[in-house]
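Protein chains in written order, with our numbering: chain U, 1 to 114; chain Y, 115 to 228.
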Amino acid sequence: NAGVTQTPKFRVLKTGQSMTLLCAQDMNHEYMYWYRQDPGMGLRLIHYSVGEGTTAKGEVPDGYNVSRLKKQNFLLGLESAAPSQTSVYFCASSYSARLNYGYTFGSGTRLTVV
Amino acid sequence: AQSVTQPDIHITVSEGASLELRCNYSYGATPYLFWYVQSPGQGLQLLLKYFSGDTLVQGIKGFEAEFKRSQSSFNLRKPSVHWSDAAEYFCAVGGDTGFQKLVFGTGTRLLVSP
């Protein structure tokens, strides 16, 4: 089925380790987003991209880096993981700059940093 | 900047009873409003959206929401709740001009009792 695929689904990291979360969409969407979800705080935007080769900071970008080398992929990197980055990470994509079509979300990556 | 308030963290409803989840937004212009549902361990699924026109919008799974500009509200309703409706519900707001990012509320967790 067409949609947004996130890998991995679960991961446990030790403090200081690095990792990359992959988001792939096959809907030819121009816009992609990374959110983190924490209890009582809803979804907060980390970084987003308005097209291939572009990235921009969201609400909570510190400690994360992103890349959008191919239109269909949006990577989220943690260079030196910290326990505060324990969270559920969601990727989303959208067809238009405007919100008419809403966002399509992946199923999430649950990350634990110990 | 836009913001969303979902004042209820948890709500418990008996199966078959009616449901209303509250959402208040802050946005200076015409808002685009959304309700998403997240089942346990799953991503976010769009329930319904409002852009303009009829202020009562129908969504999937028997849900509806009413936009009230005077109250800055977009409450979600369902006349008869099923056990499968137990999930977390997120209200989100965005704007109607240029590139817009969705801003999410903190969510309301719905519990359904037998």
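All C-beta atoms in this analysis are idealised placements derived from N, C-alpha and C, irrespective of residue type, glycine included.
Predicted model, so just to flag it, every value in this text is computed and none were measured.
- Per DSSP, U:R68 has no beta bridge partner at all.
- In this chain, the beta strand (DSSP E) harbouring Y:S187 covers S187 to K192.
- Y:R191 and U:L69 have their alpha carbons spaced roughly 42 Å apart.
- Comparing alpha carbon positions, the residue from U:R44, U:M32, U:G42 and U:R36 closest to U:T55 is U:M32.
- Secondary structure at Y:I123: coil, using DSSP grouped into helix, strand and coil.
- With respect to chain U, the C-beta atom of Y:G167 has no partner C-beta closer than 8 Å.
- The C-beta distance from U:Y103 to Y:L216 rounds to 6 Å, short enough to fall under 8 Å.
- Contact of U:F105 with chain Y is assigned, a C-beta pair being separated by under 8 Å.
- Within the stretch 47–63 of chain U, the residues whose Cβ lies closer than 7 Å to some Cβ of chain Y are Y48 and V50, listed in chain order.
- Membership of U:I46 in the beta strand (DSSP E) is indicated by the continuous run G42 to S49.
- Interface residue (Cβ-Cβ distance to chain Y less than 8 Å): U:F90 is classified as such.
- Spatial neighbours of Y:F181 in its own chain (CB-CB distance under 6 Å, excluding positions within 5 residues in sequence) are listed in chain order as Y164, T169 and F188.
- The Cβ-Cβ distance between U:L111 and U:Q72 does not fall below 8 Å.
- With contacts defined as CB atoms closer than 8 Å, U:S49 and U:F74 qualify as a contacting pair.
- When secondary structure is reduced to three states using DSSP, Y:R223 falls in the strand class.
- Residue pairing by DSSP places U:K14 in no beta bridge whatsoever.
- DSSP, read as helix, strand or coil, puts Y:K215 in coil.
- By the rule that beta-carbons nearer than 8 Å mark a contact, Y:Y146 touches chain U.
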